[in-house]
Each structure stands twice: as C-alpha cells, then as structure tokens.
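Everything below concerns the one structure shown next.
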Amino acid sequence: MNIKQIRLDSFGPYENWTFKSGPNGVQLVYGANESGKTSLLEGMRSLLFGGKHKKYGYVSGSLELDKEGTAYHLGRQNKNLDFYSPGEPSIKDEPNQLWWHGLDKKTYNRIFGLTLEDLQGVDILNEVDVRARFFGAEGGEQLGGVVKSIETNANDLLVASASGKRRINVLIDRLQENKACLSALGEHETQYVELQQALKASEDTEAEIQNQIKEWQDYREGVEMVLRAWDTYRRSEEARRRMQQFTSPDTLDRDAFLSIDEGLREARQNMQLWLDKEEALKPENFDPNSPFTTYGQDIEDLIQQGAKWEQLRRECEEGEAYIAKVKEQLDFSRGLQSSWRKDESVPTDVNWFEGERLSKRLRTAKDQLLYWQSQAPSLQKEPKISEDSSSVDTGENSPVNAWAQQELQAVMTDIADLESRLGEHGSIRMATMPIWLQRIGGIGAVVGVLMSLAGLIALESVLYSIGGIILLILGLGLFWYGWRLRHVDDSDVARLMRELERLQQRKSYLETQLDVPLPVASDVPNLETAAIEQRYNDEGKQLQANYEKALAEWQAWIPEGAAKSLDEDDFFSMKHEFDQYYEQLRTIEGYEKRLDEHKESLRVIEDQAVTLWYNLGVEAPVSPTELKRIYNQYKNFQQQMIRWEQKESQRKSYRMEYDNWHRKEKELLLEQKALLEKSGVSGANEYRQKLIDEDQFKQWETIYKQSQVQLDLLTPDGENKDLFYRRLREGNKENWTDELAHADQELNARKDAMANLYEKRGQIVEAMRALGSDQEQREAIQQRQELESELESALEDWATQVVIAHCMERAQQSYEEESQPKMLELASQYIKRLTNGAYTFDMWGLQDGLALLNERGERLPIYHWSSGLADQVYLALRLALAKVFSYQVDALPIILDDILVRFDEDRQKSALELLAELGEHQQIWLFTCQQQVYYMGQAIAGIDTHILQRA
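Here the sequence shown is numbered in this note's numbering, starting from 694 and rising by one per residue.
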C-alpha cells in the first residue's frame, strides 16, 4: 500500500496543507527543527488509525491511497470516518480491520511509524502482539488470537481469588451455602444421613469409575494420537523423499522474473487487442502513411523561409555582380598608380619602418653630397703673375667646366622625362571630373537612406528598403571613387612638380658654374691649395661612397611590384598607394564575407529543400516556386487528413495504446535479458523450469516442516520425541487399530457401569427427597442438585479450556520458534548492510542474549554497543519485522522521523541505499533535519527528495 497524497485540514501547526508523494518508493522530506516533521508523523498515524491525539486532538484531513492498483480515499473529520474507493460504496470498517487483521495503533507505532525515541530497545520482540503477528508463520496470527480467546474464556469461568465473581467461584459459594442449609435441616433424620452416606458412596464409586474412564480415555487418546501421527509421519517421509529428488534451488529472483513475465504477457495481449481494433478501423481509400505525415512540419518550416530564400538568391546574384564591378574598379585604379607596376601583384607585407629609415638616410646622403658639390674650393694656385695673367683658359680641359657640362646634361634629361610624364597624366583634363563624381555619389547615398527609411517606417516594403540600401551602397562607392581620383592625381602631380622644381634649381646652379672662368694654374705648385684640394676630394669620395651605399640599400629594399626607378622622395606616395589599395581590398573582402554568409544561409535552406525533396520523392529542381506547389499539395493533404481523422480519431488512441504497450514490451525484454545474464541462464524457458523445480522443492519442504510441527504437537507430554518417532517407524497400524477397538470396548463398559450408578443415585436422591420434612428442605435439595450439576458442567468447560489453551500455546511457541530465526536472519542481513559489513547477529548465541559478531567472529554484547550502533541494530529489527509483516499481510508504509541523527556519513549513505532497495516493494517516508542526508538522497536512485513547507 502506498500513500499518494496527504491533506491536513486541521491538525496541530497544519492548516489546509497538502503534500503529494513522488513516483519512487522512498520519500525523503527535509525540514529544519520545529518545521513540523513530528507533527506530520502524528497526523499520518491519526489518519491511518483514528483516535484522539493527546496534544492536537482529533485530526481533520485525508489520505489518497493506492493498494494493489486500486485507489482509496481515507478521510477523517474528528471522529467520523470517510473511507471509500472512487465509484464504489462507502466502507464502514476501519482499514486495520479490513486489511491488516486488526493491527492496533500501538503495534504500528512500535514497528512502522517511528521517532528516534520509539526506535530504542529490543523489548519489542517479547511483546505478545508482535510475537503473534510477526513471528506466526502459516496461521501464527490466528493461533495467537485463538490463544487469547481461550485464555479469556477460562478467566471468565474461574479466577484464583477468594473474592472472585466468576461463574465457578459463584457456584462454589452457593453450593457451600446450600450444604450448610441442608445440614441444618436434616441433622435429626438418621435415615436421611444413611441415604446421604449411600449417596456419598455412590459418588466415590463414580469417582473411581471416572478415573478408570479417564485412564482408558488417556490410553485411547494415546493410541489414537499414534494413529493420527502415523499418517503425518508417512506424509513427512514422503515429503523428504520428494525433496531428495530435487537439488537445493539456486538463488533466483522469482519476484522480478514473474513480474517481468506477467508484464510481457499483459503487454502482448494488449498489443494484439489494440492492433485488432486498429485493423478494424483501417481506411480504404486514404493512405495515412504518406510522406506528408512525417515531413509536414519540415514543409511548414521551409515555407516560412520562402521569402528569405528568394531574397537570399536575389541578394547573392546582385552581390556577385557588385563585387565583380568593384574588382574592375580596383583593377582600373591599380592602373593609375605610379609607384606600383600593374603587371605584378602588390605584396601583402612591407617593412615600411625600414623603408622610411632608408629613404631618410638616402636623402641625407644625397643632400650632403650636393652640399659638398656646392662648396667646391677655389683651385687657383698662387703663381707668379705674368704680364698676361688676366687671360683665362676656357678650354675643355678645365675640370670644373667638364663636370658641370656632364651634370647639366643629366639634369636636362630628367626634366624632359618629368614633363613628358606630366603630359601623359593629363592632370588639367582630369581635375574637374572627380568633383562631379563625388557630388553625384553623395546625392545618391542621401536618396538611398531616405528610401530605406521610408520602406521600413512609412511604406513597410522590403523591396523599397532593399532598393534604398543598394542605391546607398552605389552612391558611397561612387563618392569614394571620385575622392580617390582627386587625391591620387593631386598627390602624383604635386610630387612631379616638386621634383621638376628641384631639377630646375639644379639646372640654374649648373649653368652658373659653366659661366665661372677658372684661372690657369702656373707651373709653380701651391702647397696650401693642394692640401685643400686633397681634403675636398677625399671628402667627396667619402660622401659619394655613402650616397652609393644608401642608394644600393634603398633599391634593395624597394618591394616587389614597385617601380624600380623610385627614389627617396617617392616613399610616402608609394606607401599611400599601398594603403589605399589594401583598404579597397579589405572593403571587397568584407563584401565577399557578407556574400559568403548569404550563400551559406542560402545553402542551408537549399540543403533542407533537397533533403525534403528526397524524402517526399520529388524529382523537380529545387526552387521556391516548386516549394509553393508542394505546400499547396500539403495543405490539400491536411484537409483530407482532418476529414479522415474526424472519422478515424479512435485509431490514434488505439495506435498510441499499441505503441505504449510495445515500448513496455521492449523494456521488459531488456530487463528479462539482464536478469537471465545475471543468473547465468540461457533462456526464459530454462529459468521457468528452475522456478518450477524451486516451487516443488519448497512445497515438499513446507509439507515436511508442517508434518514435523504436527508430529511435535502430537508427541505425548513427557515422552521423548526420538522414542515416539521410533514407535512410528517400527509400529504396525493394524495392532494399533485393534488396541483402539479394545479401548473403545472398555470405555463403553465403564460408561454402562456409570449409567447404572447414576440410576441408583437417582433412586437415593428420590428417597432423600421423600424424606424431606418440609418444602424448604426439598427446595434446598433441589437447589443443591442443580448447583452440583451446573458446577460439574462449568468445571468440565474450564478444564477443557485450560487443556486447549496449553496445547495451543505450545503450538504457537512452535510457530514462533520456526519464524523468529527467519526474521533475525533478515535483520542480520540488514545490520551487515547498515554497518558496511562490520557486524552481523549472533544467531547461535541467542540463548545468551542478543549480541553481534564482528568480522573476526568476536561476540559484542548489547551493553558494549555505541548509541549509533544500537540505533542501527534497532532500525534493522524494525525493518525486518515490517518485511515479515509484508510477506504475511500487507506492505504498510514505513514512517521514520530523524532516526539517522547518530549515524556517521558512511552509514547514513548505507542506510539510504538499503531504504531505497526496500522502497522498491514497500513505501518508506524518511523525515530528516540534516542537510547532508537530503543531499545524499538526491544522489541515490529510488529516492524522491522534498523540502517541508507548511505555507
């Protein structure tokens, strides 16, 4: 029996409070101190058994129960019971009388509903109710009830007290009073005394005959008991012989296998049932297994992306065209660059820091060399002036004139080259055109922004917004292109003009040098002039070497793809063109990245469409138009499906039931396979045969044990059991039958003598009645006879009750001795689990008191137990008692309140695992105030965890 829901309308701290249990067998409820756990335990006890709580009074609330798959409502409103199964008449009996064989609330509180205080002690094993209910095997509970009933009947007849008011006590007192009265009335009548003596003699004779009858009855009962024991003995021998035919059964999980087997049988029956019902409703002209049934949602999902699909296709086509156009523009702008060659690619990585350093170094070396040239010293010597000293040699042999002419020719060549390059550039013609391009691009970008805003806000048109975005992109591109043309052209022309101005200055200087006449040196050398000339020449050589070295390093640094004629003044224009090129290239790469994202989105949609086409068996090309056609077909199919489902709505429920049972069958088959592998059995049939052998073994074992118990009961008091068994083995049934017949003859003879004696006594009594002197004496005699007769009958009843009580008590003791070790063995297993294998019960030393055995076999008496170990032993005993009760009567819910407080963490975990295992067959409620127990329970399968909240 399981508790599914608790409702407390009014009980202690609980008002209109409801709690639902989880699906697992163990319900672990965490609550701090004073949160109401113990009050909830008392409320559950009161709802199950009723009664008035000494603190909270009567309970008002209800329990929703589940017993063997049937729901019950158990409600109580003060003293009123509201007990019924939904849809059934109200039940008047209490649940303990209806289901639990009269189990009282006290015994329940001692075994099933426990607080830490209730858990203490082992004296529960000696309580009469517990012994009768929990140690009685095969009717032990009924034996206990019968023993109680017999003792009650015997006590109602006689009590060992002088002031007792039971039936026999009252009859004896009245008989003594009657005898005293008769003695006073008949003392003067001698004859009456003689008759009394004769009556007394007849009573003595009666007693003698009664003794003889008793002896012959005892003898006859002994013979009859042997005859009865003979059949029982033969039955036990037959059971033992049958047991030897079967080996001791292996340890098989009978309950699990039979539960799985029953579940499989039920699942297959229900599968066939629902399949037959579904076949009866099978349509004729409509195929419910059309691909539209399976892939309808895919069609719905894809049709929702139809507009996006078309937009992506259009944007991808337009994007490719736009990127191709931008690449053309990039190639065109590349042709306009002066620092980079068009026939080679622009490098990706250039050390501009090194280039700037080398250009500065080359410019410095060049400026120093030019400055040296401009500071050429006078080469005149101090000759002796002749009369024609004023004449100057202007011939070609002058070193200064020859150098100036050569340098002037080189400068003129460079000037002509620059002028030709300026003419090719057409700077004057191109100067005005980029301005108009920028203006047109700016206007187009503004119009595109306005169109996009209008499409998004006012018109709510996607196409209008897309057109505005495209116009914005084209306008920005045209504006950038015009800006680039202006700045590129301006930078190139400025650079060329600067270079041309520098060459013009150089040309003017060289022309002035040509006009300076050089004096003719005299033949007489001038030492100072020679030294100056030597220093000048040496400095020139050094500066020329520096310049050539800087020029060589500069030319070596010029990147691949750049014009080799670039000098140090072209560095910044070359870097500017490089930056502009890669800025445009990165812009194109950004466009290509966004285009790739669009293509990827388009590919995902088209892949979904291809998969859908394949699943639907469509051979047409993938396109949004084809999708619309498929969607229209799907809508038509849905309409047909709706009409079909209106007619065949039951089929779905049948198929759902069939699928549920089919899944259950698969799960059960997997469980059965795991169970067979665990048991080492090849198949289910072999497992069933082993179970049958085990059943036969247990049946014959039960018959053997029952026969042994009956033989023990039939063994006469005081006779040795082995001697009694030997009589049975060596005896002859025919001789015992003859002796029984002889005993019957002797008893009949004694009974005839007793009848004659009663007849003679009757005559004596009649004579005594006739001698009665007055009415009072006759009434006293009559009263005496009635009292004696009634007393004799009451004594016979009392003696019978005493004998039966003695026999039944021995039978009950025999049952208890048979069952109690099984309970203790089960408790020993639980102790081993709770203590992680450290202790078990000392089963062989129970006569010396309850004790434990450690792993080394050492005995640990009860007075050496720690408080935590004692709690574990007491818990194991209660769990074993509850398990035994579940075997005999019903698996009652176990309610435990803070019983793990003195357990350490390892044994708390072991206790939770044991409770989870027991919870598979019996519901367990565990209340705790320890958070670690709550967290442990969350980590163990089979335990539902809750936090107690009264609000």
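Each residue gets a CB set at the ideal place from its N, CA and C atoms; glycine is no exception.
Is the CB-CB distance between residue i and residue j below 7 Å?
i: Y1240; j: A1103; result: no
i: G718; j: Q1616; result: yes
i: S1603; j: N1529; result: yes
i: T1621; j: Y723; result: yes
i: E1261; j: S1067; result: no
i: A932; j: I1396; result: yes
i: T800; j: D1590; result: no
i: W909; j: E1439; result: yes
i: N871; j: Q1476; result: yes
i: P1317; j: G999; result: yes
i: I861; j: A1492; result: no
i: F805; j: I1633; result: no
i: L892; j: L1484; result: no
i: L868; j: L1480; result: yes
i: A1436; j: Y912; result: yes
Quick one: what does DSSP say residue i is sitting in, helix, strand or coil?
i: W710; result: strand
i: P782; result: coil
i: Q1068; result: coil
i: G1376; result: coil
i: R769; result: strand
i: L888; result: helix
i: S1031; result: coil
i: K1328; result: helix
i: L701; result: strand
i: D775; result: strand
i: V1039; result: coil
i: R859; result: coil
i: W967; result: helix
i: T1621; result: strand
i: N1672; result: The structure shown does not extend to residue 1672, since the chain is modelled only from 694 through 1644, so no value can be given for it.
i: R1435; result: Residue identity check: residue 1435 is His in the sequence provided, not Arg. Helix.
i: T763; result: strand
i: H1557; result: helix
i: S1079; result: Per-residue confidence for S1079 stands at a pLDDT of 35, beneath the threshold of 50, marking its modelled position as unreliable; the derived number appears in the next sentence. In this structure, S1079 counts as coil in the three-state DSSP scheme.
Nearest to residue i by CA position, among the options, is which residue?
i: L957; options: L1433, H746, N1353 and N1428; result: N1353
i: D1564; options: E1548, M1536 and D1597; result: D1597
i: Q903; options: V1594, A1473, A1487 and Y1451; result: Y1451
i: A960; options: N1428, L1362 and K760; result: L1362
i: G1650; options: A1147, I1133 and L1193; result: One cannot answer for residue 1650 here, as it falls past the ends of the chain, which runs 694 to 1644.
i: D991; options: L1320, Q1382, I906 and I1385; result: L1320
i: E1037; options: K1257, A1584 and R1195; result: K1257
i: E1246; options: S1294, G1048 and H1435; result: G1048
i: Q1061; options: E1232, A922 and I1385; result: E1232
i: K926; options: R1420, I1555 and D1535; result: The sequence given here has Tyr at residue 926, not Lys. Ranking R1420, I1555 and D1535 by Cα distance to Y926 puts R1420 first.
i: A1520; options: K1426, A1573 and A1544; result: A1573
i: E930; options: E1394, V1566 and A1531; result: E1394
The beta strand (DSSP E) spanning residue i covers which residue range?
i: S753; result: S753 to K760
i: R1595; result: Here R1595 belongs to no beta strand (DSSP E), and DSSP marks it neither H nor E.
i: I1281; result: I1281 -> not in any beta strand (DSSP E); alpha helix (DSSP H) instead, spanning F1264 to L1309.
i: F1534; result: Y1532 to F1534
i: G806; result: G806 to T808
i: V1315; result: Run containing V1315: none; DSSP gives neither H nor E here.
i: Y723; result: V719 to Y723
Check the C-beta distance from residue i over to residue j and give it rounded, since I have them as a contact under 8 Å.
i: V916; j: E1432; result: 5 Å
i: L740; j: L767; result: 6 Å
i: G1561; j: R1595; result: 4 Å
i: G1137; j: L1164; result: 6 Å
i: D759; j: K713; result: Actually they are not in contact, since the Cβ atoms of D759 and K713 sit about 12 Å apart, beyond 8 Å.
i: G989; j: Y1327; result: 6 Å
Return the first residue and the last residue of the alpha helix (DSSP H) that residue i is part of.
i: T1638; result: Looking at the DSSP string, T1638 is not in any alpha helix (DSSP H); the run it does join, the beta strand (DSSP E), is I1636 to I1640.
i: T731; result: K730 to F742
i: N789; result: P788 to L791
i: I1225; result: L1220 to W1250
i: T987; result: P984 to Q997
i: L1574; result: S1560 to Q1581
Counting only C-beta atoms, is residue i closer than 7 Å to chain D at any point?
i: E727; result: Of the protein chains in the structure, only one exists, and it is not chain D.
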